[in-house]
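Here the structure is laid out as structure tokens; the discussion comes afterwards.
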Amino acid sequence: MCSLPQSCWGGRVVDFVVTMACWSYFILGFLFFFSFFYGAAYLFSSQREHAFQHLNHLFFKGFLGLLRILSPRQKWNIDQKIRKIESSIVVCNHLSYLDPLILISLFSHQKTIVKTRFFQAPVFGWLIKTSGYLPATTEGEHGMRMIEQVEKMGEFLSLGGNLFVFPEGTRNRDGKIGPLHKGVFKIARMQRCPIYVLSLCNTDSLFTPGKFLFNTRQRKSISMTILDRIEPEGEHCPVSVVDLEKKVRENFRLRSKSCDQEGRGSKQTERLP
């Protein structure tokens, strides 16, 4: 609550300016700078998918760097070990549209699952298709794309790539653990790659679901930590998909208890980006 109407309006003006600055980077930065590199990668790169993923990484790293500068009341605490994750499936709770952008900024070689409606969007749809991102459903034309990407997943992971997903499939607004999609656990079991479970706190305070403006006035700490590393194979036999899901769900349950309002994160942290 604001003590004076003037301070409320002043805060909203600041939020508006920060939001417009970030949107300007998002639109103008792409059109007048990054689009040339994307075009060159599309026309000339022999590893087009990898090149697009790296450009996505640089683009969103710059976006979040600008947001951090313009909202100094927010502290960003990211576990140093997260950037070093390779050849793994990364699962994380989902609070805000900022969440996938943060993960893309951390991993230069990354894939994720995207809602199918975004594949139809002008320009953005072309970007996510060329980046090798996976559709959220297998209906219609998306079925072949999903099959193609799953078949290529082994090579992608073996080269150090990470598949990051939000297994609840949507932003969680009430803190409760929603149904977890089993597809990612099937991929982990099939490819025999580790699953890293991450905890993300307070991105919804900075960019609240359903709101257009960033909320830069609150003092919050946005943190991301590693909760667990789960191996898809036990000592004597593979772990079932059901067991993998149970382990992730239990980690998310512990996360909801430990992620307090301050979002302090772990002791080993770094500033982002």
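All residue numbers for the sequence shown refer to our numbering, where the first residue is 3 and numbers rise by one. Note that beta-carbon positions come from the ideal geometry of N, C-alpha and C, so glycine has one too. Small disclaimer: the values here were computed from a predicted structure and weren't measured.
- When beta bridges are read from the DSSP output, I228 appears opposite L200.
- Taking the Cα of T118 as reference, the smallest distance to any Cα among E157, P137, R50 and V125 is reached at P137.
- Taking 9 Å as the cut-off, the beta carbon of R85 is found no closer than this to the beta carbon of F121.
- As the crow flies, the alpha-carbon of I115 is around 6 Å from that of Y135.
- For Y40, the closest C-alpha among the options S26, H59 and F65 is that of H59.
- In the DSSP assignment, N58 falls outside any beta strand (DSSP E) and within the unbroken alpha helix (DSSP H) covering R50 to L72.
- Separation of R255 and I228 (C-alpha to C-alpha, rounded to the nearest whole angstrom) is 14 Å.
- Contact between the stretch 213 to 229 and the stretch 157 to 168 is absent, with fewer than three C-beta pairs closer than 8 Å.
- Non-local beta-carbon contacts of L246 in its own chain, meaning distances under 6 Å to residues more than five positions away in sequence, involve F187 in chain order.
- H52 and Q151 have their C-alpha atoms spaced approximately 13 Å apart.
- Annotation for I91: no alpha helix (DSSP H) segment contains it, though the beta strand (DSSP E) segment containing it runs S90 to C94.
- Excluding five sequence positions before and after F36, the CB atoms of its chain that fall closer than 7 Å to its own CB belong to L57 and F61, given in chain order.
- By the neighbour-count definition (other C-beta atoms within 10 Å, threshold 16), T21 is a buried residue.
- Contact annotation: Y198 and V125 have beta-carbon atoms that are not nearer than 9 Å.
- When DSSP states are grouped into helix, strand and coil, L256 belongs to the helix group.
- DSSP places F36 in no alpha helix (DSSP H); its state is neither H nor E.
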